[in-house]
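So the structure is just underneath, and the comments pick up after that.
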Amino acid sequence: MKIYDGAYTQVGGYVTKAEDVAHLNTYIKRRIFQQVYTSKLGGKMNNTTFAIYKGIKYSAGFKNDGSIVLHSKDIKDLGIGFTEKKVGKECIFIKYVTRDEIEEIYDMKVKAIYQGYEFEVIDEKEDEVSIVTMTGDYRDWLNLDMKCIDKGVYQKWISKGDAEIKIVKEEL
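Residue 1 is where the sequence shown starts when you use full-length UniProt numbering, and the numbers rise one by one after that.
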């Protein structure tokens, strides 16, 4: 077996076939991005993942086991299997579902086209947005005066007028 021929890779200390872990790619990138953004920039990402369950749009998230957790603030959702959870002084309602139980799941992301490149917008001030990338050639990001905030993660604050801002729906 040739580990480095592209068919196999090392994941978490184990050698495995790439096809066995392909579904983890999006989840891992999202988790790494959230951790870096929270720890390095001191920010909190807004929940931008949504699921359609029984025709209703809910804020959603993924659990490590692959299940999906739906979040609601509507007490009426107790009637369809949600359970109450205290978060500080606030009460929310949650329900764990499988992918088969939902109609759709997607991310809503704010993107910025800046200097011909597309970046994810992670924060906003009055006249500025913070753009970030984890992919591409680092030399391009350095040429744009982006800062390396963690291994492979580049970020910069730019004027809103210097970029085209758009909202993108990405199916998961």
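Yeah, the Cβ is synthetic: ideal placement off N, Cα and C, and Gly gets one too.
Pair within 8 Å by beta-carbon distance, residue i and residue j
i      : j      : result
Lys85  : Ile75  : no
Thr48  : Met108 : yes
Phe119 : Ile102 : no
Separation of residue j from residue i, as counted between CA atoms
i     : j      : result
Thr83 : Lys95  : 6 Å
Ile56 : Lys147 : 40 Å
Residue i, DSSP secondary structure in three states
i     : result
Lys85 : strand
Lys76 : helix
Tyr27 : Low per-residue confidence applies at Tyr27: pLDDT is 49, beneath 50, and the placement is therefore not dependable enough to give any value.
Leu70 : strand
Same chain, Cβ closer than 7 Å to residue i, neighbours up to 5 away in sequence not counted
i      : result
Asp145 : Lys156
Ile113 : Ala163 and Glu164
Tyr106 : Phe50, Lys169, Glu170, Glu171 and Leu172
Residues of its chain near residue i, where Cβ-Cβ distance is below 8 Å and the 5 sequence neighbours each way are ignored
i     : result
Lys63 : Val69 and Tyr96
Arg99 : Gly66, Ile68 and Ile105
Cβ shell of residue i (< 6 Å), same chain only, five flanking positions each side left out
i      : result
Lys166 : Lys111
Q: For the region 95 to 164, list the beta strand (DSSP E) runs that are entirely contained and at least 3 residues long, ordered along the chain.
A: 104 to 114, 117 to 124, 128 to 133, 147 to 150 and 153 to 159
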